[in-house]
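A short worksheet on the structure shown next.
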Amino acid sequence: MTVQPIRLFGDPVLRTPADPVVDFDVELRKLIADLTDTMREQNGAGLAAPQLGVGLRVFTFDVDDVLGHLVNPVLEFPDSEEQDGPEGCLSIPGLYFDTKRRQNVIAKGFNGYGDPLQIVGTGLMARCVQHETDHLDGVLFLDRLDPAGRKAAMKAIRQAEWYDEAAPPTVKLNPHAAGSPFGLGR
């Protein structure tokens, strides 16, 4: 088992879009193993490479007894149905906030060997896939909260024992607000 330290809120790597994977080699498969081991050690539902400080488009997941990974994901939404519920993040430990997501998702990408892979998810799996893909785009779930929710989240983060004032936090505006091509408006 190779458990790695998880980057916490405020680390710039979490705000940097990840690069597409171009080499499906042993190094990528080691990264996938490290992501999986770290995610499972922390009892997480998912973990993206930037959370380990690696700027590549890959994440792992463990949802509803389905363990896997996806490289270079592209999301499609078969409908406009939404879900709203508590969401957390291993990079923002111990804090959960109600977050709107799409209810259903189709995620297309590759496995660690470069073979095409598709995940069809609903409910928690859909939430996880969207959350982890956001990480690959430099987006945190806090960015999807309405202004009052973001304010409450930032207050809770500043009070968290793990928070480091030396690494000032940044919160982006919702990248998928009403009128955006993603249609995840509030």
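Read left to right, the sequence shown gives residues 1475 to 1660 (the working numbering). Glycine included, C-beta positions come from ideal geometry on N, C-alpha and C. Since the model is a prediction, treat every value here as computed from it, not as a measurement.
Residue pairing by DSSP leaves V1487 without any beta bridge partner. The residues I1480, Q1516, G1518, L1521 and Q1525, in chain order, have a CB closer than 7 Å to that of L1564 in the same chain once the five nearest residues on each side in sequence are set aside. Excluding five sequence positions before and after V1545, the CB atoms of its chain that fall closer than 6 Å to its own CB belong to V1495, V1532, G1583 and F1584, given in chain order. In the DSSP assignment, D1536 falls within the beta strand (DSSP E) that extends over V1532 to V1537. Taking the Cα of Y1587 as reference, the smallest distance to any Cα among D1539, V1528, P1486 and H1543 is reached at H1543. In the three-state scheme derived from DSSP, where H, G and I count as helix and E and B as strand, Q1557 is classed as strand. Boundaries of the beta strand (DSSP E) harbouring D1572: I1566 to R1576, taken from the DSSP string. A direct Cα-Cα distance of roughly 16 Å separates R1632 from A1622.
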